[in-house]
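Trainee: I have a structure I would like to understand better, so I am pasting it below and will then ask my questions one at a time.
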Amino acid sequence: MSKLPDLDPAAGAHSRLVARHLQTKIRAAGGWLPFDRWMDEALYAPGLGYYAAGSAKLAEGGRHPSGDFVTAPELTPLFAQTLARQVAEVLAACGGMEVLEFGAGTGALAAGLLAALDELGVPARYRIVEVSADLRERQRTRLAVHGGRVEWLDALPASFVGCVVANEVLDAMPVRLFHWTDAGLLERGVALQGDEGFAWQDRAAPADLVQAVEARMPPLPGYVSEINPQGEAFVRGMGAWLQAGAALLIDYGFSRAEYYHPQRMEGTLMCHLRHVAHADPLVAVGVQDITAHVDFTAMAEAAVAGGLEVLGYASQAGFLMNAGLMELLSRVDPADVAAYAQAVAPVQKLLSPAEMGELFKVLAVGRGLDRPLSGFGRGDRSHTL
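So the sequence shown is numbered by the working numbering: it starts at 763 and just counts up by one.
See below:
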């Protein structure tokens, strides 16, 4: 595991506060918390959790030394410009004029989409659902130029016609951990270790977890992985309010056959602290991100269970190429060597199979569209879900 960076005094003090909060929760639960509850508290406890407390979480353009990770919209404006083409297509197909973004981060994607949609002659209205008060304020500042065209929602809409965007949202939803043993399936949770520490502890898995895991993979003693019931409920629930249009779900992950591959014995749980990726969520609590890769088969099944259709599934590279990224890049003058190099480098990161191009996928689900989506014109992998 990579050596973790030292916490500054403020981050260390905050982490100790979160640790005491988690210790209280564990004691109140009888000495053990299932991991999804632990992850929920570590990330979202009001005023304390990583996403609920004020801290620099996202690096903007890779220039923020205290950020923990960089997302595609911060890498290059070409990401939002390309995505806007697909969004505009969805809006035209469903007759809507609204975009709804979940987890808008720094507001970079929203700003880029609004500008690009304007260039395309699509004056869409923009709605944001953001659980982090800190990030919501950053978004308000960044998007203030758009005035009342941008609105923040405190709850899901009762009815929506348009395009939903969720970039790196599903991976941050709390997951349940399981551990196959010779004696059967166990659920992994967190217990106290000493006065201030935390430790993994496995207990017999309840029937609902056993049923869910057995439907996804055969018993394989020693295998540890996760499922994301909250993410599945989120996608399934879209069927109740997405009346027409599409949801574009962009995240890192795999189809089920890849996700629960026998060689992936330790699951996909990952943490990010000051640009260092590691796999221990029991340290630096409250000041590091905790994520798990997405089982896109589970998300597609959830969408269908909610009454939606699977409209496409592709690698991020394939989707962006189909949606016109290279045509947008061609507008940069190669004679301006410095500008061209600055534009090309992040695009290579978005497209490279060794970086984000293959690990990240795009799943589109929705209803009421009368035409296929161009982002999946070539290389649609829906048949692998």
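Idealized CB from N, CA, C, for every residue including glycine.
Excluding the five sequence neighbours on either side, which residues of its own chain have a C-beta within less than 8 Å of the C-beta of Pro1134, listed in chain order?
Mentor: Excluding residues within five positions, the ones whose Cβ falls inside 8 Å are Leu1073, Gly1074.
Trainee: What residue does the alpha helix (DSSP H) around Phe841 start on, and which one ends it?
Mentor: Start and end: 839–856.
Trainee: Assuming Arg978 contacts Arg950 under a Cβ cut-off of 8 Å, what Cβ separation, rounded to an integer in Å, is found between them?
Mentor: Not quite, the Cβ-Cβ distance comes to about 16 Å (not below 8 Å), so this is no contact.
Trainee: Just to confirm, is the Cβ distance from Leu840 to Leu1113 under 7 Å?
Mentor: No, they are not a contact pair.
Trainee: Can you tell me which of Val972, Ala878, His1034 puts its alpha carbon nearest to the alpha carbon of Ala1054?
Mentor: Closest by alpha carbon: His1034.
Trainee: If I follow the unbroken beta strand (DSSP E) through Glu881, where does it start and stop?
Mentor: Not the beta strand (DSSP E): Glu881 falls in the alpha helix (DSSP H), residues 870–881.
Trainee: Under 7 Å, do Glu1020 and Val986 count as touching if we go by C-beta distance?
Mentor: No; because the gap between Cβ atoms is not below 7 Å, this pair is not in contact.
Trainee: Beta-carbon within less than 6 Å of Gly824's beta-carbon, same chain only, minus the 5 sequence neighbours each way: which residues are those?
Mentor: In this prediction, Gly824 has a pLDDT of 41, which is less than 50 and means its spatial position is unreliable; what the coordinates show is noted afterwards. Here the set comprises Val832.
Trainee: First and last residue of the beta strand (DSSP E) that includes Asp1042?
Mentor: Run containing Asp1042: none; DSSP gives neither H nor E here.
Trainee: Among Ala815, Gly811, Val884, Gly867, whose alpha-carbon lies nearest the alpha-carbon of Gln843?
Mentor: For the residues Ala815, Gly811, Val884, Gly867, the minimum Cα distance to Gln843 belongs to Val884.
Trainee: Kindly confirm or deny that the stretch 985–1001 and the stretch 924–937 touch, where touching means at least three C-beta pairs closer than 8 Å.
Mentor: Touching, yes, given that three or more Cβ pairs across the two stretches are closer than 8 Å.
Trainee: Let me confirm a value: Pro827 is counted as buried when at least 16 other C-beta atoms fall within 10 Å, else exposed. Which label applies?
Mentor: Bear in mind that the predicted position of Pro827 carries a pLDDT of just 41, short of 50, making it unreliable; the figure below should be weighed with that in mind. Exposed, by the Cβ-count rule.
Trainee: DSSP three-state call for Met1061: helix, strand or coil?
Mentor: Helix at Met1061.
Trainee: Excluding the five sequence neighbours on either side, which residues of its own chain have a C-beta within less than 6 Å of the C-beta of Ala934, listed in chain order?
Mentor: Excluding positions up to five away in sequence, the list reads Thr1053.
Trainee: Assess, as a yes-or-no matter, whether the stretch 789–798 is touched by the stretch 948–965 under the definition of 3 or more beta carbon pairs within less than 8 Å.
Mentor: Counting Cβ pairs under 8 Å, three or more are found: they touch.
Trainee: Return the first residue and the last residue of the alpha helix (DSSP H) that Leu862 is part of.
Mentor: Per DSSP, Leu862 belongs to no alpha helix (DSSP H); it is in the beta strand (DSSP E), 860–864.
Trainee: On a CA-only basis, which of Ala895, Gly910, Ala878, Leu897 is nearest Arg887? Give me that one, please.
Mentor: Here the closest residue by C-alpha is Gly910.
Trainee: On the three-pair Cβ rule with 8 Å, is the stretch 1120–1131 touching the stretch 1050–1070?
Mentor: Result yes; three or more Cβ-Cβ pairs closer than 8 Å.
Trainee: Please report the distance separating the alpha-carbon of Gln1078 from that of Ala1060.
Mentor: Those two C-alpha atoms are separated by around 18 Å.
Trainee: May I ask you to report which of helix, strand or coil DSSP gives Lys737?
Mentor: There is simply no residue 737 to check, as the chain begins at 763 and stops at 1147 in what is shown.
Trainee: For Ala815, which three-state DSSP category applies?
Mentor: In this structure, Ala815 counts as coil in the three-state DSSP scheme.
Trainee: Going by DSSP, what residue range makes up the alpha helix (DSSP H) through Glu994?
Mentor: Segment 991–1003, the alpha helix (DSSP H) holding Glu994.
Trainee: In the DSSP output, what is Ala1032 paired with across the bridge?
Mentor: Checking the displayed sequence, the identity of residue 1032 turns out to be Met instead of Ala. Its beta-bridge partners are Thr1053.
Trainee: Only counting the same chain, and skipping five residues up and downstream in sequence, which positions put a Cβ closer than 6 Å to that of Gly1069?
Mentor: So the list reads Gly1001, once near-sequence residues are dropped.
Trainee: Measure the beta-carbon distance from His776 to Ala807 and round it to whole angstroms, keeping in mind my assumption that it falls under 8 Å.
Mentor: That belief does not hold up - the Cβ atoms of His776 and Ala807 are roughly 12 Å apart, past 8 Å.
Trainee: My assumption, with CB atoms under 8 Å, is that Glu988 sits in contact with Thr1030. Please give the rounded CB distance.
Mentor: Confirmed, about 7 Å.
Trainee: Just verifying my parser: in three-state terms, what is the DSSP assignment at Val780?
Mentor: Correct three-state label for Val780: helix.
Trainee: Nearest-angstrom Cα distance between Val780 and Ala878?
Mentor: Each residue's alpha carbon lies about 40 Å from the other.
Trainee: Report the three-state DSSP secondary structure of Gly1137 (helix, strand or coil).
Mentor: Helix.
Trainee: I need the straight-line Cα distance from Gly811 to Met801, nearest angstrom please.
Mentor: Taking the straight line joining both Cα atoms gives about 9 Å.
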